[in-house]
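See structure below.
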Amino acid sequence: MKKMKQALSFLLVACMVVALAATAFAASYTDTDGHWAEEAIERWTSLDIVKGYDDGEYKPENDLTRGQAAVIFARLLKLEKKADITNFTDVAADAYYADAIAQVVARGIMNGKSSSSMDPEGPLTREEFFTMLVRAIGLPVEEKSEKTFSDGNKVSDWAAGSINALVNAGYVQGYENGTIRPENDIKRSEIVALFHQTVVAYANEDGKEIVAPEKGVVIVVADDVTVKSEKGEEVTVVVAKEEATVTVETAGAVSVVADSATVNVAEENTVYVNADDTTIAATEKAEVVVNAKDATVSLEGTTAEVAVTVAESNVEITDAPKGTSVATEETVTGTVVNEDKVASDSSYVVGEEPAPAPAPVHVHTYGTEEGWYKTTQGSVTVYKYGYQCICGDVKPYTEAKALTLTADMTFDAPIYIAEGQDITIDLAGHNIIADGHDAIYNYGTLTVKSDGFVYPELVDDNGNLVFNTDNTKGTVVVKGGKALNGIVNNGTLSVEAAAIAVADDFGSAIVNRAGTTTVKNAVLVATGLGNCVYVIDGTVDLNEGTVALSATYGFAGLTLGGTLNVNDGSYYSTVGFPFCVAANGDKTGTINFAKRVVTDRTGTEIEADGGAGEIYWLAGSIQTAAGQAEDDISVIAALDTEIDETVSQTKTYAEYFMENKANS
Ligand SMILES: [Zn+2]
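The sequence shown stops at residue 666 when you use our numbering, and every number in between is there.
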């Protein structure tokens, strides 16, 4: 409203000036002298955009007809191209407006009342005029208005975006009482007044430099025109002449509404492309919005950073320099940039490798063949038993599954029994051979049974297996020195009538990290510095018939944090101690002996007060069946005292063990 007031007060002043120097205007009409729109009428008359009647009058208060509007827009934009309008049965070929209607239809400014009616003699409503004006200057329609009108609910849906655009740009303010009167017929005075408010400069001569006096629209209908602005205010330059070259040396927006135009963008601008075959040579940063379907836009001559948004389908961008970014809207298809296709709803930067396509959504399809499949568990390569998908994923068994070996099986990664999986491995006299790594990680429920061995790699220098399968007798010869384990249990492990062997320094036949392990009538063998059973947490029960052999320096049973229940069996260490109870961090191990007297495999008692070193007690507790402990294991108390004085409990078992190994 403020602007309208300013415009009106300016007009009043102008009228007074005119009154004082009437000859200056040389009024074109007999009926406009002193009219509020006199200056606008004179301006657009002098530019040959509007003309009066034969009787010498302009008739400013008359309604404008649709045919007259077509003629005015055709003159304003100097339209030449004509559309075939024979479908409009109410436009006589020899009517004065026939060519103009063909021209405004070709430019997309008028579409007709229907496919067969243009109603050229009928009045033009204000909202129809606003819509034509927005199309004529290629202003992008806007969803929201920065201003509301008391009769805004009367605006037709098809006109709202155009009216919002004009209002938001400040070109249209509405009436002083807060109305916009969209349904009113537009008067001949109003149309020129609106042109006058909106268009601050009109470039209709070739080779001219135009200086926009203030913010507003500059219409260019000539070739080789340079547009500047007097106050540096943002202007909208409308390139309306086909094949014209226009240089824009002022910041703001450029709207290209004519085909085959070239725009030199020499100041930061947003260029709206509403036509075909446009060339944009930007030497300053520019945004380009392509609102024309099936259009070609060349960026030949562009040296600055240009960001293109493609809002219509089948747009081809050519000569885009490296670094040009192109974004396509969701519904847009057929975008091509420098011969590269750009998908809908995506962004593309010329000269950059396209982002890798996201992995297609893959739905696992598992095969029907069951078996051990090499796969990964986190970063660890393991074998899982189950069905495999083509992608390598394995669906493990979730129900009990019995596997009976028919030959030795060699794995180049540990076997992984998944959580929830329940598997029984019947060795049936064969061996599971782990080739240089732990043999089995159990997170489910695993039962290993029958004769045979599960062991990590046991090979001699010639690559031959050297373990003596007659495990209770003979000699075990082992090479190597790696901390490999037979079975690492985190779930439920049962070893019955089977053998698990470990050959390497610090490796253990069974490591119980969590869960429970039950051993019955089985043979656990460790050589070197290895242990038969190593309890980190959880519970291990050594039951009837269990033979734990620990060669050299290892333990038959070692607990650092869990509970080791020695119910029965015989336990033996060639050089070291049969059992060790120790601490690991905050945890201490516990060994419970179900029997008062435990014997080693030779029948020699492992007694609490027995020979030195039979139980190596660093921390934790040792209980016998009667609940008696230290009083019955007097040597241990002595050892405990001795150790407490000499060994820091913060040392790891391994550190302490290594320090004392030589003394053992
Ligand atoms: Zn898959």
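Just so you know, even glycine gets a beta-carbon here, dropped at the ideal spot from N, CA and C.
Handout entry: Status (buried if at least 16 other CB within 10 Å, exposed otherwise) for K386
Key = The C-beta of K386 has 16 or more other C-beta atoms within 10 Å across all chains shown, which makes the residue buried.
Exercise for the section: Mind checking which residues open and close the alpha helix (DSSP H) that includes E129? Expected result: For E129, the enclosing alpha helix (DSSP H) begins and ends at R128 to I139.
Problem - Residue list, Cβ distance to ligand 1 heavy atoms smaller than 5 Å - result: Working through the chain, the matches are H366, C391, C393 and D395.
Handout entry: For S257, the first and last residue of its enclosing beta strand (DSSP E)
Key = Where S257 is concerned, the enclosing beta strand (DSSP E) starts and stops at G254 to V258.
Problem - Coil, strand or helix - Q175 by DSSP - result: Q175 falls in the coil class under three-state DSSP.
Handout entry: Secondary structure of S191, DSSP reduced to three states
Key = Residue state, collapsed to three classes: helix.
Exercise for the section: Please confirm if the stretch 236-243 is in contact with the stretch 65-72, defined as three or more CB-CB distances below 8 Å between the two stretches. Expected result: At 8 Å Cβ cutoff, the stretches do not touch.
Practice task
For the alpha helix (DSSP H) containing G69, list its first residue and its last residue.
Solution key: Per DSSP, G69 is one residue of the alpha helix (DSSP H) stretching across R68 to L78.
Practice task
Starting from V52, follow its DSSP beta bridges and name the residues at the other end.
Solution key: Partner(s): none; V52 has no beta bridge.
Exercise for the section: Closer than 7 Å by C-beta to Y368: which residues in its own chain qualify, once you throw out the five before and the five after it? Chain order, please. Expected result: Y389, Q390, C391 and K397.
Handout entry: the stretch 402-413 touching the stretch 422-442, judged by at least three CB pairs closer than 8 Å
Key = Between the stretch 402-413 and the stretch 422-442 there are three or more inter-stretch CB-CB distances shorter than 8 Å, so the stretches are counted as touching.
Problem - Simplified DSSP state of H366, which is helix, strand or coil - result: Judged by DSSP in its simplified three-state form, H366 adopts coil rather than helix or strand.
Handout entry: Cα-Cα separation between G1 and V275, rounded to whole angstroms
Key = One cannot answer for residue 1 here, as it falls past the ends of the chain, which runs 3 to 666.
Handout entry: Opening and closing residue of the beta strand (DSSP E) in which N444 lies
Key = Per DSSP, N444 belongs to the beta strand (DSSP E) from I442 to N444.
Practice task
Give the DSSP-derived three-state secondary structure of F413 in the structure shown.
Solution key: Shown here, F413 sits in a strand according to DSSP, grouped into three states.
Exercise for the section: Put I212 into one of helix, strand or coil per three-state DSSP. Expected result: Under the three-state reduction of DSSP output, I212 falls in the strand class.
Exercise for the section: Pick helix, strand or coil for A94, following the three-state DSSP scheme. Expected result: DSSP, reduced to helix, strand and coil, places A94 outside both helices and strands of the structure shown, so it counts as coil.
Handout entry: Residue nearest to G303 in terms of C-alpha spacing, selected from V317, D226, V265 and V312
Key = Checked all of V317, D226, V265 and V312; the closest Cα to G303 is V265.
Handout entry: Simplified DSSP state of E40, which is helix, strand or coil
Key = Assigned with DSSP and collapsed to three states, E40 falls in helix.
Problem - Helix, strand or coil at F581 [DSSP, three-state] - result: In the displayed model, F581 falls within a strand according to three-state DSSP.
Handout entry: Option nearest E130 by Cα separation, candidates I165, I139 and N155
Key = Out of I165, I139 and N155, I165 has the C-alpha closest to the C-alpha of E130.
Problem - Alpha carbon of N293 to alpha carbon of S191, nearest angstrom - result: Looking at the two C-alpha atoms, the distance is approximately 32 Å.
Handout entry: Cross-strand partners of L495 (DSSP beta bridge)
Key = For L495, which the question treats as bridged, DSSP gives the partners L448 and T519.
Practice task
Mind the definition here: the stretch 507-519 touches the stretch 532-548 only if three or more C-beta pairs lie below 8 Å; say whether that holds.
Solution key: Taking 8 Å as the limit for Cβ pairs, the verdict is that the stretch 532-548 does touch the stretch 507-519.
Practice task
Hey, could you find the ends of the beta strand (DSSP E) D159 is sitting in?
Solution key: Run containing D159: none in the beta strand (DSSP E); it sits in the alpha helix (DSSP H), D159 to N170.
Exercise for the section: Return the first residue and the last residue of the beta strand (DSSP E) that G297 is part of. Expected result: Position check: residue 297 holds Ala in this sequence, whereas Gly was assumed. Looking at the DSSP string, A297 is not in any beta strand (DSSP E), and its letter there is neither H nor E.
Handout entry: Residues that DSSP places opposite F595 in a beta bridge
Key = DSSP output for F595 lists V568 as bridge partner(s).
Handout entry: DSSP three-state assignment for L526, whether helix, strand or coil
Key = It is a strand residue.
Handout entry: Euclidean distance between Cα positions of R183 and T133
Key = If you draw a straight line from the Cα of R183 to the Cα of T133, it comes to about 14 Å.
Practice task
Pick helix, strand or coil for T47, following the three-state DSSP scheme.
Solution key: Judged by DSSP in its simplified three-state form, T47 adopts helix.
Practice task
Can you have a look at D159 and say buried or exposed, based on whether 16 or more other CB atoms are within 10 angstroms of its CB?
Solution key: Taking all protein chains shown into account, D159 has fewer than 16 neighbouring C-beta atoms within 10 Å of its C-beta and is therefore exposed.
Problem - DSSP three-state assignment for V384, whether helix, strand or coil - result: Note: V384 maps to strand in three-state DSSP.
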